[in-house]
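Numbering (the working numbering), first residue to last: 5 to 716.
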C-alpha cells in the first residue's frame, strides 16, 4: 500500500511540472489583439452558462446524496441536470477553443458539457485528457472526470489509475470515498469480464426498427413475431419536445415479423400514444397485453394496461393502488400464466433507490398487495428493467449493485422452491461500462433484445439482437447446432473460455389460429390452460378477434390440457405431457371449431384411462366437466361416446376394451346428472384409425375417446 501511494504521489507531482495551460491574455497572443478580444468575450459568455449549469448539476448531486445516502452511480442518475445552460454555453466555448485550444479550464468545461450530453464519445475523453495534461490542478475534481471517461471507454487500467489519484488528492467525505472505491471495483469487474467474453453475436435490427432518433425499451412476444418499443421521433404524437433535453416526446411503436424479417415499424394509435410521454413498459408473452408508462406530473410516473382487441389496442387503463403510488413505477413483466406481475418502484418501503416488487392476481382478477422481491435481488443502489422469462423461473433485471462493470448491468436470478439464487452478471459484451438496461429474452432462450448506444448505429440509441452461441462443439452436429456454435470467437479475437446459460428454455410454445370449421373465418375464443394432475385451470387466454391468432407458453414439468371454447361451438381439446427436463420446442396448432350441429364430432384428448383398463384416471375430471357443461347448456343434445384403440392386441380384445371405456365415460356422466336417454356408448376397437399404427405417435393418436352429436 505504501509503495502504491508513493507511485501515485510521484505521478501526480510529475504532471504538475509539465503544466502548459495558456491563459486568455494578450501577452500570450502577440499581434492578435482583436481575435483575442472576441475569443475572450465568447469565453466569458460560455463560462457564465457553464457556471449556471454547474450550479444546477451540483445542487442536484447534493440533493441526490441527501436522499439516497450515496453518490450518483450512473451518469444517467444526474438526469442531465443543467442541460439547457450547458447546451447554450457550448457554442461560445467552442469559438473560444478554436482560438486557444490549450487552456486547461476551457477544455475541462467542454469535457464536462460533453460528458453530460454524451459521455462515452472519444471527444469527451479527449477534452479531459487535454485539460489534465495542460494543468491537472485547474479543477479539483479533474482526475475524477478523466477517470470516469476512461472507465466509460473501457480503458480499465487508466481509469483505476486516475480514480486512485483522485482518491488520494485531498480529503473526501464517506459517500465520495465509497463512490470512487465502487468505481474501481467496477473497473476490476470490467477487466475480468472483457478478458473472457461470452460467445454471442450482436446485430442491429436495421432501419425498419431503428432510425436517426433514439429507440429503446424493447419487448417481444415469446415467439419473436412481435416487438414493441419506445422511440423519440420527430413524428411523435403532438410533435412536442421535452424542455429538459430538447428531445421529442416518447411514443410507442410496434413491428411484426414476416418471413423472418421485421416489417417497417408503426406508431400505435392515439388510444395509446398521447401528446405527452408514453413509453413501452412490458408485454405479455403472447403479445396481447401491453403495459405503458406515463408521467402526468401529478406523481412520480404510473403504469397502465392495454389489451389488443382485434387490430388495435384499447385505451390504457390506470393500474390499481397496489401497483401505482405517488412514487415512480416503471418496467413491468407478466408471468407466463398472467397471474403474477413484476414491476419496479422507488416507493419509500424499498430496500434501495428502486426495487423490484411483485403482485399476485386475486380470485376477482384484481392485483393484490405488492411485495418486495427481497434483499437477494434488491440492493441499495437500485434495480430497473425487470423481465420474467416465459419459463416461469428465470428473472432478468438491471442493477447498479453487485459486481457491475459500470452503471447498470444486466443480471439473472433463478427461482427454485420459492428462493431466488444469487444474481449472476451476464458478462461482456452483453454488459459494458455504460448503463445496460431493458433486456428481454426469446422463449427459446437463444436470442435476446436490448437497446444500446453502440458506434455505427442509426441514432443515439438503437435496438439490437443478441444470439447466444453456447459452448464450442465438435463438428458432429445437426444443422441448427452448426449455425449456433460454429464460430469460436464471434465477438472479438479475445480468448473464449466460458459460455453463459441465459435461460433454461425448458418450455413449449403452442400457437396457431382459431377459425370456424365451415367458413374458415377467424374466431375469438377462450383458451383454458389446465394442470391435469391437479385438475385446476392455470390461466385463460383469448385468441385475437381479428386474426384468430393465439399463443400459449407451457413451462416444462407438467401434464397440460388445452381447451378452446366459444359459445355456439363444440370445444376443442389438446394434451401436452411435457417432462421436467424437456428442452424448448414450438408447435403450431390451428384449431377449427365446429358448430353445435348433428354429425359434428370432436376428440376428447384429455380423458385418460389406467393402462389396459377402463378405469378413468383423476386427471380426466376437467375435460369431463367441460362435456357436462356443454350438455347442460344444450339440454336437447343427444350424443354418442365412442372409444377407439390402436392395433396392438387382438381385434376381439380391443373391441371389448373400447366398449368398456365408452361405457365408463357414459356412467360418469350419468353419475353427474346427465340423462341416460341422451347418451350412447359405442366401442370401435381398432376399426377406425385416424393415423398410422406403425409409430408410437400414430398409435397414441388412434387411442382416443370421441363424442358425436346424434340429435340437436
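All residues carry an ideal CB built from backbone N, CA and C; glycine is no exception.
With a threshold of 16 other beta carbon atoms within 10 Å, residue 605 falls short and is exposed. Residue 243 is classed as exposed because its beta carbon has fewer than 16 other beta carbons within 10 Å across all chains shown. The continuous alpha helix (DSSP H) containing residue 91 extends over residues 87 to 103. Out of 564, 594, 49, the CA that lies nearest to the CA of residue 623 is found in 564. Using a Cβ distance threshold of 8 Å, residue 145 and residue 74 do not count as a contacting pair. A straight line joining the alpha-carbon of residue 116 with that of residue 80 spans about 14 Å.
Apart from the 5 residues on each side of it in sequence, residue 389 sits with its Cβ closer than 7 Å to the Cβ of 335, 401, 402, 441, 442, 443 in its chain, given in chain order. Taken through DSSP and simplified to helix, strand or coil, residue 33 comes out as coil. A contact is defined here as three or more CB-CB pairs under 8 Å, and the segment 305 to 322 meets this definition with respect to the segment 538 to 552. Close CB contacts of residue 57 within its chain, under the 6 Å cut and outside five residues either way in sequence, are with 86, 89, 90 (chain order).
In this structure, the beta-carbon distance from residue 282 to residue 255 falls below 8 Å. Shown here, residue 188 sits in a helix according to DSSP, grouped into three states. The DSSP-derived three-state label of residue 112 is helix.
Runs of the alpha helix (DSSP H) lying entirely within the segment 161 to 208, each at least 4 residues long, are 178 to 198 in chain order. Sequence-distant partners of residue 578 (beyond 5 residues in either direction) whose C-beta falls short of 6 Å from its own C-beta, in its chain, are 566, 609.
In this structure, 432 is the residue among 432, 671, 319 with its C-alpha nearest to the C-alpha of residue 193. The DSSP-derived three-state label of residue 79 is helix. Between residue 155 and residue 147, the gap from beta carbon to beta carbon reaches 8 Å or more. Between the alpha carbons of residue 696 and residue 651 lies a gap of roughly 10 Å. Excluding five sequence positions before and after residue 583, the CB atoms of its chain that fall closer than 8 Å to its own CB belong to 560, 561, given in chain order.
Residue 299 has its alpha-carbon roughly 42 Å from the corresponding atom of residue 169. Within the segment 404 to 487, the complete beta strand (DSSP E) runs of at least 3 residues fall at 413 to 420, 451 to 456, 466 to 472. Ranking 277, 712, 208 by CA distance to the CA of residue 236 puts 277 first. Put simply, of 92, 369, 286, 270 the residue whose alpha carbon is nearest the alpha carbon of residue 544 is 369.
When secondary structure is reduced to three states using DSSP, residue 44 falls in the helix class. Beta-bridge pairing by DSSP links residue 393 to no other residue. In the three-state DSSP reduction, residue 669 falls in the helix class (H, G or I).
In the DSSP assignment, no residue is bridged to residue 704.
Contact annotation, residue 231 with residue 224: C-beta distance approximately 5 Å; criterion of less than 8 Å satisfied. Sequence-distant partners of residue 412 (beyond 5 residues in either direction) whose C-beta falls short of 7 Å from its own C-beta, in its chain, are 78, 388, 402, 403, 404, 439, 440, 441. Under DSSP, the beta-bridge partners assigned to residue 365 are 371. Take residue 92, set aside five residues on each side of it, and the residues of its chain with a beta-carbon closer than 7 Å to its own are 53, in chain order.
With a threshold of 16 other beta carbon atoms within 10 Å, residue 380 falls short and is exposed. Residue state for residue 226 is assigned as coil, using DSSP reduced to three classes. Taking every protein chain shown into account, the CB of residue 460 has fewer than 16 other CB atoms within 10 angstroms, so this residue is exposed. In this model, residue 686 and residue 646 are separated by some 5 Å (Cα to Cα).
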